[in-house]
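S.K.: Sharing a structure with you now.
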Amino acid sequence: MIPYGHQSIAQTDIDAVVEVLRSDFLTQGPVVPCFERAVAEYCGAAHAVAAHSATSALHLSCLALGVGPGDRVWTSPITFVASANCARYCGAEVDFVDIDPRSYNLCPRALERKLVAADRAGRLPKVVILVHLAGHPCDLAAIHALGQRYGFRTIEDASHAIGGRYRGEPIGNGRYSDITVFSFHPVKIITTAEGGMALTNNAELASRMARLRSHGITRDPEEMTHPPDGPWYYQQHELGFNYRMTELQAALGLSQLQRLDGFVVRRHGLAARYDDALRELPMIIPWRHPDGYSGFHLYVIRLKLDQIRKTHREVVEALGAAGIGVNLHYIPVYRQPYYARMGFHPADFPESERYYAEAISLPLYPGLTEAQQAQVIEALFEVIKS
400 MIPYGHQSIA
410 QTDIDAVVEV
420 LRSDFLTQGP
430 VVPCFERAVA
440 EYCGAAHAVA
450 AHSATSALHL
460 SCLALGVGPG
470 DRVWTSPITF
480 VASANCARYC
490 GAEVDFVDID
500 PRSYNLCPRA
510 LERKLVAADR
520 AGRLPKVVIL
530 VHLAGHPCDL
540 AAIHALGQRY
550 GFRTIEDASH
560 AIGGRYRGEP
570 IGNGRYSDIT
580 VFSFHPVKII
590 TTAEGGMALT
600 NNAELASRMA
610 RLRSHGITRD
620 PEEMTHPPDG
630 PWYYQQHELG
640 FNYRMTELQA
650 ALGLSQLQRL
660 DGFVVRRHGL
670 AARYDDALRE
680 LPMIIPWRHP
690 DGYSGFHLYV
700 IRLKLDQIRK
710 THREVVEALG
720 AAGIGVNLHY
730 IPVYRQPYYA
740 RMGFHPADFP
750 ESERYYAEAI
760 SLPLYPGLTE
770 AQQAQVIEAL
780 FEVIKS
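For the sequence shown, our numbering gives the first residue as 400, with consecutive numbering after it.
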């Protein structure tokens, strides 16, 4: 079976992890700060806070921005549930904004319409969480302008997008948002096995996220209520969590970061081969916004079902039977039973519904060989043409 995604582990990655295993620190040592500095420098951000997953980094981001009961957080419905769950962990109300029909990201026009109505009702969001689906950047400038007008803060869920760029600048530089979150899950662009990171240009937000990821504890005398009792002393200032990244994870991430640009270039090359091969089939291939350079975490096609003699499910099952491990990113979050019980109606999100009815993620990862990609393309032709 050819999977839709797979990590790329080199001997240098293994050596980096083994070096940490032989060191004095497996956690809370010098490698995590080194990884944070390296990612911040790569992206052009002032601060980076590593965590044990992107989900925990999203949760920390919401907490740092003061999200709590009575607040509202909006996000895209076409995302993994963590993009919404992070607000629910804080006790906030979650709502969704329909997607753009070309980029599949949160639509600025739909957002503006929803903001106008929410402003009249006195129910504006405190935070909007953007999702760079498949690695393709959102229309950050347009959404930032709406944030300035309506007063919401912005988190970029860039779990798919490290290595991508918007208007020539790296995703994660914070020009258009308060916090950006990356994922380092094995199928993502670089991996730490599990892991995530939040980037910001705001020192106060970074400090609070760093404190919250470690039980709300500080060892900084300047943050304490009185002088330390001794060198052992620490204080817990708020209820935090154990969201720390290990030294092993950070070592793997540092090593992977050296190959990040090469990974993204390889993904673009594979995407271009798909583009050329699939144009004649009844499907929509990924659109690239002229302001963006995608990280290309995913290659998503949309079937033109009115021109195919199979259903969406039949195409997916036939590809699986042919040894092609396709997937669907994602089931609209409002369809999940937990969120459906809150009263969301699929009819309120027509573009998301159309996307869900037609989308398939094809295999795309640096280790995918041209022979394997040819096998994917051949199988697609056979399934769709038959």
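We put the beta carbon where it would ideally sit given N, CA and C, even for glycine.
Quantities reported herein were computed from a predicted structural model and do not represent experimental measurements.
(1) Among all the DSSP beta bridges, which residues are the ones paired with Asn726?
(2) With DSSP as the reference, label Trp641 as helix, strand or coil.
(3) Consult DSSP for His614 and reduce its assignment to one of helix, strand or coil.
(4) Quick one, which of Ile498, Val725 and Leu457 has its alpha-carbon nearest Leu598's?
(5) Take Ala415 and list the residues in its own chain whose beta-carbon comes closer than 8 Å to its own, dropping the five residues that flank it on each side.
(6) Figure out for me which residue from His614, Leu523, Ser582 and Ala602 has the closest Cα to the Cα of Gly594.
(7) Considering only residues of the same chain and omitting the five flanking positions on each side of Gly766, which have a CB-CB separation below 8 Å?
(8) Applying the criterion that 16 or more other CB atoms from any shown protein chain within 10 Å of the CB defines a buried residue, is Tyr633 buried or exposed?
(9) Are Ile783 and Leu680 closer than 9 Å when you measure CB to CB?
(10) If contacts are defined as beta-carbon pairs under 8 Å, then Ile341 and Ile723 qualify, I think. What distance do you get, rounded to the angstrom?
(11) Could you name the residues of the same chain whose beta carbon sits closer than 7 Å to that of Val480, not counting the 5 residues immediately before and after it, in chain order?
(12) Contact check, Trp563 vs Thr553 under 8 Å by CB: the rounded distance?
(13) Any idea which residues DSSP pairs Met786 with across the strands?
(14) If you follow the alpha helix (DSSP H) that Arg552 is in, where does it begin and where does it stop?
(15) Since I believe His531 is in contact with His559 (beta carbons under 8 Å), could you give me their beta-carbon distance rounded to a whole number of angstroms?
(16) May I ask which residues mark the beginning and end of the alpha helix (DSSP H) holding Thr411?
(17) What are the boundary residues of the beta strand (DSSP E) that Val448 is part of?
(18) My guess is that Arg522 and Arg574 are in contact by the Cβ rule of under 8 Å, so how many angstroms apart are they, rounded?
(19) Going by other Cβ atoms of all chains shown within 10 Å of its Cβ, with 16 needed for buried, is Asp660 buried or exposed?
(20) Please identify the residue among Val526, Ala756 and Phe748 whose C-alpha is closest to the C-alpha of Lys709.
(21) Is it right to say Ile413 is buried, meaning 16 or more other beta carbons lie within 10 angstroms of its own, or is it exposed?
(22) For the stretch 439 to 493, which segments carrying the beta strand (DSSP E) assignment without a break, of at least 3 residues, lie completely within its bounds, in sequence order?
(23) Taking only three categories from DSSP, how would you classify Tyr633?
(24) Among residues of its own chain, excluding the 5 on either side of Leu420, which ones have a beta-carbon nearer than 8 Å to its beta-carbon?
(25) In this structure, how does DSSP classify Phe743 when only helix, strand and coil are distinguished?
(26) Expressed to the nearest angstrom, what Euclidean distance is found between the alpha-carbon atoms of Ala602 and His446?
(27) Please confirm if the stretch 497 to 505 is in contact with the stretch 460 to 479, defined as three or more CB-CB distances below 8 Å between the two stretches.
M.R.: By the coordinates alone:
(1) Along the sequence shown, read from residue 1 onward, the residue named residue 726 stands at position 327. Partner(s): Ser760.
(2) Position 242 of the sequence shown, counting from 1, holds the residue named residue 641. In the sequence as presented, Trp is not what sits at residue 641; that position holds Asn. Residue state, collapsed to three classes: strand.
(3) Sequence index remark: in the sequence shown, residue 614 carries index 215 (1-based). In the structure shown, His614 sits in coil (DSSP, three-state: anything other than H, G, I, E or B).
(4) Numbered from 1 along the sequence shown, position 199 holds the residue referred to as residue 598. Closest in C-alpha terms to Leu598, from the list Ile498, Val725 and Leu457, comes Leu457.
(5) In the sequence shown, the residue the question calls residue 415 occupies position 16. Correct list, in chain order: Ala650, Leu651, Leu653 and Ser654.
(6) On the sequence shown, position 195 is the one that residue 594 refers to. It is Ser582.
(7) Sequence index remark: in the sequence shown, residue 766 carries index 367 (1-based). In chain order, His405 and Ser407 place their CB closer than 8 Å to the CB of Gly766, counting only its own chain and leaving out the 5 sequence neighbours on each side.
(8) As a working mapping, residue 633 is identified with position 234 in the sequence shown. So Tyr633 counts as exposed.
(9) As a first step, residue 783 must be located in the sequence shown, where it is residue number 384. As a first step, residue 680 must be located in the sequence shown, where it is residue number 281. Result yes, Cβ atoms of Ile783 and Leu680 sit closer than 9 Å.
(10) Any question about residue 341 goes unanswered here, given that the chain covers just 400 to 785.
(11) Counting from 1 along the sequence shown, the entry for residue 480 is found at position 81. Contacts found: Val732 and Gln735.
(12) Reading the sequence shown from its first residue, position 164 is the one you call residue 563. Reading the sequence shown from its first residue, position 154 is the one you call residue 553. According to the sequence shown, residue 563 is Gly rather than Trp. The beta carbons of Gly563 and Thr553 sit about 17 Å from each other, so the pair does not count as a contact at 8 Å.
(13) Residue coverage of the chain in this structure runs from 400 to 785, which leaves residue 786 outside it and unanswerable.
(14) Stepping through the sequence shown from its first residue, residue 552 is reached at position 153. The continuous stretches of alpha helix (DSSP H) do not include Arg552, which lies in the beta strand (DSSP E) extending over residues Arg552 to Asp556.
(15) Along the sequence shown, one-based indexing puts residue 559 at 160. Along the sequence shown, one-based indexing puts residue 531 at 132. The C-beta separation of His559 from His531 comes to about 6 Å, placing the pair in contact by the 8 Å criterion.
(16) The residue given as residue 411 occupies position 12 in the sequence shown. Looking at the DSSP string, the run of the alpha helix (DSSP H) that includes Thr411 is Gln410 to Leu420.
(17) Numbered from its first residue, the sequence shown carries residue 448 at position 49. Unbroken beta strand (DSSP E) run through Val448: His446 to Ala450.
(18) Position 123 of the sequence shown holds residue 522. Position 175 of the sequence shown holds residue 574. No, Arg522 and Arg574 are not in contact; Cβ-Cβ is about 28 Å, not under 8 Å.
(19) Mapped onto the sequence shown, residue 660 falls at position 261. Counting the other Cβ atoms within 10 Å of the Cβ of Asp660 gives fewer than 16, which makes it exposed.
(20) Residue 709 sits at position 310 when you count from the first residue of the sequence shown. Measuring from the Cα of Lys709, the nearest candidate turns out to be Ala756.
(21) Position 14 of the sequence shown holds residue 413. With a 10 Å radius around the Cβ and a threshold of 16 neighbouring Cβ atoms, Ile413 comes out exposed.
(22) Complete beta strand (DSSP E) runs here, min 3: 446 to 450 and 471 to 474.
(23) Working through the sequence shown from its first residue, we reach residue 633 at position 234. Looking at Tyr633 - three-state DSSP - the assignment turns out to be coil, as it is neither helix nor strand.
(24) Looking up residue 420 in the sequence shown gives position 21. In its chain, beyond the 5 residues on either side, Leu647 have a beta carbon closer than 8 Å to the beta carbon of Leu420.
(25) Numbered from its first residue, the sequence shown carries residue 743 at position 344. If DSSP states are grouped into helix, strand and coil, Phe743 belongs with coil.
(26) Taking the first residue of the sequence shown as position 1, residue 602 is located at position 203. Taking the first residue of the sequence shown as position 1, residue 446 is located at position 47. Near 7 Å, if we compare the C-alpha coordinates of His446 and Ala602.
(27) Touching, yes, given that three or more Cβ pairs across the two stretches are closer than 8 Å.
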